[in-house]
Amino acid sequence: MKFFFSSGHGACPGCSLPIAVKNVLYALEGKCFVVNPTGCLEIISSQYDRSAWGVPYIHSLFENAAAVAAGIEAALKALKREDEGHVVVFAGDGATADIGVGCLSGMFDRNHDVLYICLDNEAYQNTGNQQSGLTPPGSNTTTTPAGKLLPGKVGKKKDMVAFALAHGVPYVATASVAYPTDIRRKVKRAVEFEGSKYIQIHCPCVTGWGINSNETIKVAKLAVETALYPIVEYENGELVRVRKIKERKPVEEYLKIQRRFRHLFKHPKGKEIIEELQRIADENAKRFGLDA
Ligand SMILES: Cc1ncc(C[n+]2csc(CCOP(=O)(O)OP(=O)(O)O)c2C)c(N)n1
Ligand SMILES: [Mg+2]
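Numbering-wise (the numbering used here), the sequence shown opens with residue 464 and increments by one.
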């Protein structure tokens, strides 16, 4: 395997981000221009004076990755250099669903030929686990601290797949670091589409989620096997494929091995939130036909 993202970067042991990035770059055979807003990935890979990137790379502001990518794509077209590679964004969930969402909407609306990858570790992890729009209900973060006042995050995980579909994005999918061959297949499929493509990859965070560094993949698998993180694929607005679940597991199995959810098993509101999460999983299973 040729490496487009080298070892020796600064990720925590067990971090899932390099797994996602390496598989995306591998699927593109390194033929791409990477845009990366501020976040963990940028910090672990591009600190002056060293870089883990074996492909052209630009660090954007937190909020404007989609605009920078759109500009690069337009420039490549104007220069008739679009054959040189795909424009790819790797952005965190905070950059995608909250702070960069305006630029992302503009990029989708203009349907720029850009592959936008959201690395969904379900909080602002680089700054120490603050809630984002993609943090799930009940999660303990520094801005939703579980205690007397709060049972962790109150509210929903934003549906960014629906957001992309509402913009008419031609290719939209979710994936997980637990299934790297699926990531590679989806990336290859995505770039067959002209226009914007959105892939949201579930990326467990060892420190923010409070898991053992050798349990990244186990936790990622459980998110899928409980139906809390449905793996879906849309082409031209139509659901074309889902990852079926052989024996769906109760959400407690996923929650109990993560420190961010530990309070739910003793907090007065915990039972209610676990039930809500189970309801979300059941609805996902029904809506996408996940049960095999
Ligand atoms: C405009 C702006 N606001 C806040 C920050 C501080 N900041 C840097 S990285 C980061 C968190 C990034 O979260 P996310 O996009 O989810 O990526 P992750 O680090 O979790 O991979 C924050 C809040 C910043 N750099 N710029
Ligand atoms: Mg994040």
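Don't be surprised by glycine CBs; every beta carbon is placed ideally from N, CA and C.
Note that the coordinates shown come from a computational prediction; the quantities given were computed from them, not determined experimentally.
Query	Result
Own chain, CB closer than 7 Å to residue 744, minus 5 neighbours either side, in chain order	689, 690, 691 and 714
Supposed close pair residue 516, residue 497 - CB separation, criterion 8 Å	7 Å
Own chain, CB closer than 6 Å to residue 741, minus 5 neighbours either side, in chain order	714
Any non-hydrogen atom of ligand 1 within 8 Å of residue 679 CB	no
Inter-residue spacing [alpha-carbon to alpha-carbon] between residue 675 and residue 613	26 Å
Residue 520 to residue 494 span [Cα, whole Å]	12 Å
Near ligand 2: residue 555 beta-carbon under 8 Å from a heavy atom	yes
Residues bridged to residue 754 [DSSP beta-bridge criterion]	708
Secondary structure of residue 656, DSSP reduced to three states	coil
Cα-Cα separation, residue 651 to residue 703	15 Å
For residue 758, the first and last residue of its enclosing alpha helix (DSSP H)	No answer is possible for residue 758: it lies beyond the span of the chain, which begins at 464 and ends at 755.
Own chain, CB closer than 6 Å to residue 673, minus 5 neighbours either side, in chain order	721, 722 and 723
When 647, 655 and 643 are compared against residue 633, the one with the closest alpha-carbon	655
Cα-Cα separation, residue 478 to residue 513	19 Å
Helix, strand or coil at residue 482 [DSSP, three-state]	helix
Burial state of residue 611 (16 or more Cβ within 10 Å)	exposed
Neighbour-count burial assignment, residue 677, 16 or more Cβ in a 10 Å radius	exposed
Exposure of residue 728, with buried meaning 16 or more beta-carbon neighbours within 10 Å	exposed
Contact under 9 Å by Cβ, residue 559 with residue 663	yes
C-beta contact flag for residue 660 and residue 579 at 9 Å	yes
When 608, 635 and 725 are compared against residue 701, the one with the closest alpha-carbon	635
Three or more C-beta pairs below 8 Å linking the stretch 592–601 and the stretch 521–539	no
Among 719, 534 and 708, the one whose alpha carbon lies nearest that of residue 755	708
Secondary structure, beta strand (DSSP E): runs of 3+ residues fully inside the stretch 564–647	577–583 and 634–639
Residues near residue 563 in its chain [Cβ-Cβ closer than 8 Å; skip 5 each side]	500, 525, 526, 527, 528, 529 and 554
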